[in-house]
Each structure stands twice: as structure tokens, then as C-alpha cells.
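Trainee: Residues in the sequence shown are numbered consecutively from 1, following full-length UniProt numbering. Virtual Cβ for every residue (Gly too), placed ideally from N, Cα, C. Since the model is a prediction, treat every value here as computed from it, not as a measurement. Pasting a structure here, questions to come.
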Amino acid sequence: MNSAIPLWRQLMRITGIIMIAVVLASQLLLAENTSGQVLNKRLDLSYNHTDAYTVLRDIEQKTSVNFAFTDHLDLERIIVQDVHFRHERVYDILNFLFENNHIGFEEQSGTIMLYKIQAPGRLIGRITDENHVPLAGATIRIAETGRSYSADAEGKFSINVRRGTYTLEISYLSYQQVRRQVTVEDDQEISLDIVLAEAVGDLDEVVVVGYGVQRKSDITGAVGSVRGETLEKYAVTNVEQALSGRIPGVDVSVNSGQPGGTPRIQIRGATSVSNTNDPLYVVDGVMLNVERLAGSTHSINFIDPSNIESIEVLKDASATAIYGARGANGVVLITTKKGSRDGGHVAYQGYTSFGDVTRRLDLMNADEFLTVEDIAYQNAEKFDPTGFGRGQYEDPLVKRRRFVIGNTLGNPELFDESLAPLYDTDWQDEAFQTTVTQNHNLSFTGGDQNTTFGLFLTYRDEDGAVKGSWLDRYSARFSFESKLKPWLTAGGGINYNKQRERLLEGWTLRSIFQNIPIMPVKYPDGTWADTEIYPGVESPNQQQYAAEDNRLRGTQDILGNIYAMVHFTPKLYWKTMVATNSIRQEMKNYAGKDVPKLSETQGGIASLSALTAETWQFENLLNYQNTFGEAHRLDAILGQSLLTSNRFSNNSTTWGFLDDYYQYNNLGTGSNPRPSGSSASKYSMASFFGRVNYSLHDKYLLTATGRFDGSSKFGKSHRYGFFPSVALGWMVSEENFLKDHRTISNLKLRTSYGLTGNSEIANYQYEAGLGSYAAVFGNSRAVGIGLSGLANSDLKWETNKQFDIGIELSLFNNRLNVEMDLYRRVSTDMLLNRPVPRSSGFATVYQNIGNMGNKGLELALSAYPVQRASFSWRTDLNWSLNRNEVLKLHDGADILLGTAAGSSTGSIIREGLPVNSFLGFVRLGTWSNDEADEAARYNRRPGDIKFQDTNGDGAITTDDQVILGKGLPDGYGSFVNTLTYGNFDLSLDIQFQYGNKVMWEMMAVLEDRTGAYNNMLRSVKNAWTPENQHTVIAQSKPLAVGYDTKNDTHRLKDGSFIRGRNLMLGYNFPSRWISARHIQSLRVYAATQNFFLISDYPGYDPEVSSFSEEFSRGRASYGDYPKPRLFVLGLNITL
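Right, here's the structure in full:
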């Protein structure tokens, strides 16, 4: 494992050298003039109607500056009108004279040399439809550079280019793309008139698939795509957010608003209970580490969306089988931006956002809190007459007198002489702040017809909505490709990310709503208020925790690859690649010696932990493409892959510090070191794969795929597996009976069936595990080694069998497009812990004993209701339905999982139910006075919660639990409208989800647990009283009397919602305005995100889960980080 660190250091050095070299190269490429000592001299000059030749001679006479130039510069024709230079540099004076006259200058040995600058070529033109109506906003893309430009309101464009031959791709929504090749010389202007015909589909669009690309018309699998142009219009943090609502069948849950918060993605539902449900991410052909790190972070989170060219999501077996044992959960392919072929370009994309938490919990103020405390005391005798008679409950009025102004007990002053509270703290106001986020991306790209390179730099600084949390991230990516020989191409890239975060512990978040309002944040003398000093309270000072519980997480991620392609013939090439993904993550924690409840009794706690994960990937790929006659087209690949992964972690903790100076920087200063720990693991996977795509007359399509994988994670008897798939497609619209149909532009039917696997289990699961055990003998601690788990050599990967049928339909010249998929997926051999006899010495053994099914419908609809020259309207609807069912468990036995807040029930895995099902009690209301006798039979009193006796046995036990609901939604999707008017564009993005439940665990402490333990929801004012007996909220009583902790129908809330995800107004400056300033494109925009939420969910946000790392526990909320509403201002510019 020690070799990981030297490798990391070497990669760092290489990255630094590459960055320096490219920056220097980019400066040369951009031909920036530099100012020497002569050019920096400052002068005071004035001229009126004077030619440039006279100005230069005047400067020579007044200074020691010498000029050298030839007569062909024709300086006499350059006339200066009424200009005054005051203490200006010679450089600035010359720049003023010659900036727009194609004359350059540079200093050589004290002499300033003037020379003629060749003016760039210019492409001008106008884009119209067949009726000569201008197409405002039409896109002109130069294929060789990858740059795009927009036509103005009159359909006109003007583009400066260097000398060369270029391929122009002119496109507009609902119109056929036109390609023109032009050759431009220096100082030459070429005029083009482009006429676009209405489109008949985008079937020639190229889509990235596993180990290659295909025309969209040739694809037989279910593949969704998002283009980089779309991502540039949204201020998103990571790839998962960029995918949210974009592709049907892709469920993205943004569980937290914390800076760097990691969303969770499921593609076509859940496939596993005990293994990951995350898809496989592949970036430029490099497979990322599947495992999530601390805080659920993942390597994919460090890819800046502004650097992405396209994202493809592979959903069915035909598309994912090429990845075999790693493709069960779907595959996300990411293609990043590369260099350009027309020299140098500089681009900047940046935005600043401001946010605030607008959705708050309806908590009690100081007077309301004290009123409930009084009522609870008054009810103490009813619920605990014995304890009340013994004086176990103190009168709140007596208690408060000990905290009045001027008390002699040394207690803080919380009440005035009339016992009115001195403070009324809104802890949500104290905890939340206005967030400020900056994201800046700067790219340098360049090259020629044989070589391209790109350098992409990103910086992100984000303050959290909750005080004390923040994130900053630095990223650098370099890519290159060079055609070394006509038959040999080499390239590669490296991506380095460094991220730092300050995190908040669970108590820090929960205390936002648990801290009582009668306590201040700080006392008048500036010291932290001890929020637990008021008798009966157990909730530490939220602001003190946020300030003094210091939790820092640092992550460094390296992703790199190099490759070579050898073209044996124009139809056959071989590609070989070596890639790595290396991650190092460190956690540094220190809780100050005076932080109550957390580290006060230990005298401060410091800990350090580190994780290193390193993956190497070696691949060889042979690709053959050929067309036989006019009818047959063949595309075949054959490949080999080898992957190795190493992981090492260690941790150390100590406490007992004299002061807070050293913190985690010197654990040796702690007086009580705890036992340290470390672990190491590795695995390898060897694979062979192939795929054949065959097309007959461009109408009948066949795709056959197979992958053979072998993984060291499994025993010898099940180490290897084969994952095949087959798919068929029929381009019905190419048949003679539909080819010239006036309504149907495109109609394709496709179907597929195949197998994929899920091999992402922990290492060594099939072997008997060893663990350390400790015992104390006298004053000595003895440590031994023993078995920690049973062996199972028959362990194998989970397998998915998936059937898919799809239809793609375009109507009215592509004005209405519909894509629909129906699928059925069965996950077999699910890995679960099966109970074993206690005599074995263990409780469970890991085995393949479960099956689970998903079936669903996906619908993607895009339409162009209005398509005119000056105004267009596009609408997109994505809608997904999924039904999940657990088909088989060992002996049909349920698997129960607990949740938070001491609840006695939680989620359940049961045959015949969705995997995210909630088990609990039915709350009927509260017992009334008329039901006192019946309540007594259940050991309850009037005012207690009344639960349903499901089995009628006269007792409320776990046998009375029923299925309450499920955490998986019935459906989800998005509705996006984009309107363009001239150079303005407006987009509205609405997200929706329905049919799922969220267990709102916070009700256990905010409503069911009354008294003075913590603050409460205002709904407690509707608690049971003799005058208000028809309520579901129990009568208020002291905490010591007890309260119900059962998850029930009252705590389970509807998780459905409609969210305003993004509203954006943008303006693209016309090329005629900016081209003269050497600007290729300029866009400014303003947006608001998360700007409304319609939901019956009473918490901060229904799209939440406090247990995001434990999928089977469902969606449950207990002290979550709220998501803010954001206002965004952004700028995109390309030079």
C-alpha cells in the first residue's frame, strides 16, 4: 500500500509541470505583447488632427525612444483627432494609435519595431427558412474548433476566423442541419446565404455508447442524453444535479442542502438491498471507483458540469451489458470538453448565487413554550400520582425563580421579577444565513488539424445555509490529442481536484429545532449560554456546536488516462488505454474541551482518519466498421480489460487536552489516547467483451453484446460470469408505405433482452473474516484475533435479467417527438444476511437468497408549439413510473430495520412489497374520558395516544403493526418550457414526484415528547385537553412520565411535491456587436432555483433522507440540512 503515496506525488508533479507548460504555451498562442522598459516610459502629449507618422517623430524627439518601420505601413493616413495623453505609457499610446489599423509593435534591443498584422478572415451571412423568413438565434458551429455562434434577430452573423478551411454546421430547432465547407484567406470576407428546410428528424445525431459512438437512428437500446449546451444554462454543482429531471427513468434525490451535498441516483428503480444502487460512472472511458467515501462523496462529484461535452445514460441491458458485472444499476457516460483545432481560445463561465432558507418549521416562541411546560406540570399528577406525591415534579414557577434577575445562586438571568422571559430566541434565525456561492471556470484550448489541447481550471467557494458549514474546491484538467502519423494517434488527460469542507455534526442540525427559545445564544458577558442549565432540558447550544465542533474533510482526487490508436486500415483500428482513479480523503475532527454533551467530560476530543483508494484500468479495443454494397453496414468491437483496486484506511483518536491550542494537529498532547485502527484491501477484475451492430438497408437493426468477467471478490466456484444481450430495431418510417408520409417523420420500434451483474460488494465477503477482540485482565488490556464472520465460497454476484420494448415517434416534421419505453427487470441472487443457529457463534451468514423485480414506463415528450423567426417555444415533459416488488427472501422471513429517535419500528423488507416499505402502528387518535375503562385495559389513560389493536388481543404489541406506505415514488419527472425571443431566452423547469411517503422522525421529539425537554411544534397547542378530546396529539405531560416512540400513521407524511427547480432569463449578445471586439460569444443570465415548493410535507423538504447511505431504510427525516432558495447571476464568454 505504501506505493500509493509516491505515485500520487508523481502525478501531482506531472500535473504541475503540464499546467505550467500549457499556460506558457497558451500565452505564446495568444500572441500577447509584453511591455519592456522602453514601452513603460510615461509621457504627457497632446495632438489635434495629426498623422501617426508625425506622432512617432515627436515621441522620438522628446524621449530616447527609437522606432523602426517601413513605408508600406502608410502611417500618414492614420489621423489622430483632439487627443490628450496624461502620464500615459508609451505602450498605451501606441496601442491607441494602431489597435484598429492592423499594425503591431514590439521592443527589440531598445528599439520599437512596427509591423503589419494580417487581418483575420471574416464569415458573414444570413440564415432564413424556405420562405426567406430570418431565423433569429440559429446556431452556426465550426466543426474544426467546436465553437458555436448565434444569428441575430435578422438571422445575420459575422465571425472572425484565421486562414484555413472550415466546416460550418448551421442548425435551428425543427429544421434540417446544413453543412458548408469554406476556405478563408487572411483579410478575406466570405458571404453566405443559408436556407434551412424543415427537419425530418435528428437521426444522424451521434450518441456516445459503451466503447464507441453510434448514430441515434442505429441505437437499439434505451439511451438518454444531455448535451453540454443544456448544462451551460444551469448553475449546478455536480453531475447528479445536472441529470435531475432530464432523462426519464433516472431518479435523482437531492437529500441535503449542505455544501457539496451528494444526491443519490437510481436508474429504473432499486436492484439491490445490501449492495449499492449507484450507477457505474465512466468519464472519457475511465471507470470511476464505485464505492462512496465519507459523507457519501463520490469521484463523480468532482467533475465540473461546465467542462462536460455530453452525458449519456445507458438504461437497458442492450446498452449496459457491455459493462457486464458492473452494469446492473445502469451506466452514466461522461464526455468532457477537449481542445480546438483553429488555434487558441479562452473561455470563462462563472456565476455567483445568493440563497436563503425560506421554508421553516413552525416552532413555539418563549411564551408558548412556558405555557406548555406549565400544562405538563399540571398533568403530572394525573399520569404519575405516586411520583407527584413524592415531590418528583417541580413546579415551573419555583424553578424559574432560581433564574430571575439578580438571583444569588449564580444562575444565569433568564426571567424578570414577574417571571416573564428575558429572551425569545428564534434558533432557526440564529442558525441560518444568506448563502454566497462563487463558481469560476476558465479554459484555454488550442491546436491545429493534427494536435489539440485544453486546460480547464475551476474554483468553487460555497457558504452553507447553516452557519459553520462551507466548501471550497480547486480543479484542474488537461487534455491533449495528437496525430503523430497518418496511422497513429495518441492522447490523454489528467484531472486533479482538491476539496475542503467544514461539516456539521448531527446534534448541530437537530439543535436548530430542539433548543428552547427562553435561552440566548450568548449571555451578556459574551460567553456561550448553557442551554441545558434549565432543569429538564437536553439540547446543547446549536451555535456553540457550530463554532467549536470543528470537523474538516479534505479530498484529493486524480483521474487520468493515456491512450494510443493505430489505424491499420480506414475500417480497422486498435486502441489501447491505461487509466487511473486515485482518491485520498482525510477527516480532521476536534471538539473543544468546553463543548457540552459532546466533549466536555473528556476534556476535548481529537481524531484523525484517512482513506486512500486507487484503481488502475488497462484496456485494449479492436474496432471494425464496414459497409457492404448499399444494403449492409457492420460495426464490431472486441476488447479486453483488466482492473485492479487498492484501498487503505486508518484512524486515531485521543482526548484529555489542557487547552484547545493543538486540536488535531498534535494528538500526542492528549492525555487519553484511544486504540487506533487501520484496514487494507484489494481486488482485481479481468474481462473480455464484444459487440456487433448490423444494419440492413438502414431499416432492420441488430445488436448483439457479450462480456465475460472474472472478479476476485468471489469464490473460485463463482468467480467468472458471462453477461449477454441482444436487441432488435425496425425503422418503420423507412418502409415504402411510410417513407413519404406527411404526418409521420420518424417511427422506430426496438426491443432488447439481456443480463447484467452487480459485483460491488465489499472485498473478502466469501472468506471467513478475522477481527480483533480485547479483554481487560487486572490493569492490563489483552488483544486477540478471532473469526468475525462465516465463510461462503458459493457467493456470487447479483444478476439482473431485463426486457425492454421501446417506440420512437416524430410527427409533423419533428414538431412533436415521443419516446416511450416499457421494461421489466428481475434481480436474482440478491445478497442478504441469512440467520444461522446461534451455536455457530454467529448470527448471520452472507448468501445469495433474494430476488426483486422492477417494472415501469418511461415517457419523454418534446414539442415545438411555436416556431417562428423571432419567437419560438419548446416544451419537454419527462415522466417515469416504476413498480418495485421483493419477490423472494430466505424462507419468506421479513427483514426489519430500525430508524431514528428510539423508534420501536422502522422499514421492512417483505416478499410481495416494495423494498422501501414502512411498518408501524395505526394512530386512531387519543383516548377520551368516555373511553377511560377501555383505555385502562391497554394500560392507558384519557389523553394518551390511541393505537389500533389490529389483531384484537387486547394489547398493543409489535403484532399490531401494519404496512403504512413506501419510500419509493409511484412516479416522477419534470416539465420544462423554453422560450426564445430574438436574443433573449427564458426557461422554466418544474420538477414533480408523487406516491411516496417520508417518515418524519422529528415528530418524536417535537410533538410526542412534550414538557421542557426541548422546543416543540406549535401543533402541540392542539394537544388533548378535557375541552379538546378529538385530536391525534397526546395530552402534554412531563418527560419523566414517558411518551410513545412508535412510528405510526401520524408520523408518516406524504412525500409528493411540485418544485420550481429553475427559472432563468438569459441574453446572448449578437455576433455583430461582439465580433469586432474579438469576442466569439457572450451570454449573461439571471436565475432563481428552488423558487417554490408545493407539498403537504411539514418539514424542510420532502426530497430528503437522513439515511441516504442505507437504501433499505427508506426516506426518513431526523435533523436534515435544508435546501435554500437561490438567486443566480452568471456570465459566459468566449474569446
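Compare the C-alpha of residue 774 against each of 783, 768 and 766 and name the closest.
Mentor: It is 783.
Trainee: Would you list the residues sitting across from residue 1000 in a DSSP beta bridge?
Mentor: According to DSSP, which records beta bridges pairwise, residue 1000 is partnered with 1117.
Trainee: Looking at C-beta atoms only, is the number of pairs between the region 923–943 and the region 953–965 that lie closer than 8 Å three or more?
Mentor: Output reads yes: the region 953–965 touches the region 923–943.
Trainee: Using three-state DSSP, classify residue 132 as helix, strand or coil.
Mentor: Residue 132: coil per DSSP, three-state reduction.
Trainee: Can you give me the C-alpha to C-alpha distance between residue 397 and residue 539, rounded to a whole angstrom?
Mentor: Going by the C-alpha atoms only, they are around 21 Å apart.
Trainee: Taking the alpha helix (DSSP H) that residue 374 falls in, what are its first and last residues?
Mentor: Run containing residue 374: 366–378, per the alpha helix (DSSP H) assignment.
Trainee: Write down every uninterrupted run of the beta strand (DSSP E) in the region 301–369 whose length is 3 residues or greater and which is fully enclosed by it, in chain order.
Mentor: Complete beta strand (DSSP E) runs here, min 3: 308–314, 331–336 and 345–356.
Trainee: Taking all protein chains shown into account, decide if residue 1027 is buried (16 or more other Cβ within 10 angstroms of its Cβ) or exposed.
Mentor: With fewer than 16 Cβ atoms within 10 Å of its Cβ, residue 1027 is classed as exposed.
Trainee: Which residues does DSSP list as the beta-bridge partners of residue 661?
Mentor: Per DSSP, none; premise fails for residue 661.
Trainee: So what's residue 619 in DSSP terms, helix, strand or just coil?
Mentor: If DSSP states are grouped into helix, strand and coil, residue 619 belongs with the strands.
Trainee: Assess, as a yes-or-no matter, whether the region 315–334 is touched by the region 209–229 under the definition of 3 or more beta carbon pairs within less than 8 Å.
Mentor: Contact holds: three or more Cβ-Cβ distances are below 8 Å.
Trainee: Rounded to the nearest angstrom, what separates residue 925 and residue 842 at their Cα positions?
Mentor: Rounded to the nearest angstrom, the two C-alpha atoms are 43 Å apart.
Trainee: Skipping 5 residues on each side, what residues in its chain have a beta carbon closer than 6 Å to that of residue 345?
Mentor: Excluding positions up to five away in sequence, the list reads 445.
Trainee: Under three-state DSSP, which class holds residue 990?
Mentor: Residue 990 falls in the strand class under three-state DSSP.
Trainee: Looking only at DSSP bridge pairs, what is residue 610 linked to?
Mentor: Beta-bridge pairing links residue 610 to 586 and 650.
Trainee: What residue from 799, 772, 780 and 796 has the CA that sits closest to residue 786's CA?
Mentor: The option with the nearest alpha carbon to residue 786 is 772.
Trainee: Among 1104, 757, 1096 and 306, which one has its Cα closest to the Cα of residue 276?
Mentor: Here the closest residue by C-alpha is 757.
Trainee: Can you tell me which of 834, 942, 480 and 869 puts its alpha carbon nearest to the alpha carbon of residue 895?
Mentor: Nearest option by C-alpha distance: 834.
Trainee: Using only the alpha-carbon positions, how far apart do residue 1071 and residue 339 sit?
Mentor: About 22 Å.
Trainee: Within 10 Å of its beta-carbon, does residue 115 have 16 or more other beta-carbons around it, so buried, or fewer, so exposed?
Mentor: When all chains shown are included, residue 115 counts as exposed.
Trainee: What ranges does the beta strand (DSSP E) occupy inside the region 483–507, keeping only unbroken runs of at least 3 residues that lie completely in it?
Mentor: You should have 488–502.
Trainee: Going by DSSP in three states, residue 760 sits in which element: helix, strand or coil?
Mentor: Coil.
Trainee: Tell me, to the nearest whole angstrom, how far the beta carbon of residue 918 is from that of residue 993; I am working on the premise that it is less than 8 Å.
Mentor: With 8 Å as the limit, residue 918 and residue 993 do not qualify as a contact, their Cβ atoms being about 17 Å apart.
Trainee: Going by DSSP, what residues sit across from residue 1129 in a beta bridge?
Mentor: Its beta-bridge partners are 352 and 1086.
Trainee: Would a C-beta distance cut-off of 8 Å place residue 402 and residue 411 closer than the cut-off?
Mentor: Cβ atoms of residue 402 and residue 411: closer than 8 Å.
Trainee: May I have the straight-line CA-CA distance separating residue 1044 from residue 944, to the nearest angstrom?
Mentor: Between residue 1044 and residue 944, the C-alpha separation is close to 9 Å.
Trainee: Kindly indicate which residue of 1008, 280 and 486 has the alpha-carbon position closest to the one of residue 376.
Mentor: Checked all of 1008, 280 and 486; the closest Cα to residue 376 is 1008.
Trainee: Taking C-beta to C-beta, are residue 461 and residue 489 nearer than 8 Å?
Mentor: No, Cβ-Cβ distance for residue 461 and residue 489 is not below 8 Å.
Trainee: If you run the structure through DSSP and keep just helix, strand and coil, what is residue 841?
Mentor: DSSP places residue 841 in coil when its eight states are reduced to three.
Trainee: CA-CA distance, residue 191 and residue 125?
Mentor: Between residue 191 and residue 125, the C-alpha separation is close to 5 Å.
Trainee: Here's a check: name, in chain order, each residue in its chain whose Cβ is nearer than 6 Å to the Cβ of residue 694, leaving out the five neighbours to either side.
Mentor: So the qualifying residues of the chain are 634 and 702.
Trainee: By the three-class DSSP mapping on this structure, what secondary structure does residue 427 have?
Mentor: The answer is helix: DSSP assigns residue 427 an H, G or I state.
Trainee: Would you call residue 906 buried or exposed, if buried means 16 or more other Cβ atoms sit within 10 Å of its Cβ?
Mentor: Under this definition residue 906 is a buried residue.
Trainee: Helix, strand or coil for residue 382 per DSSP?
Mentor: Residue 382: helix per DSSP, three-state reduction.
Trainee: Assuming contact is defined by CB atoms lying nearer than 8 Å, are residue 1038 and residue 257 in contact in what I supplied?
Mentor: Contact flag unset, no.
Trainee: Exposed or buried, what is residue 150 when buried is set at 16 or more other beta-carbons lying within 10 Å of its beta-carbon?
Mentor: The residue in question, residue 150, is buried, as its Cβ has 16 or more Cβ neighbours within 10 Å.
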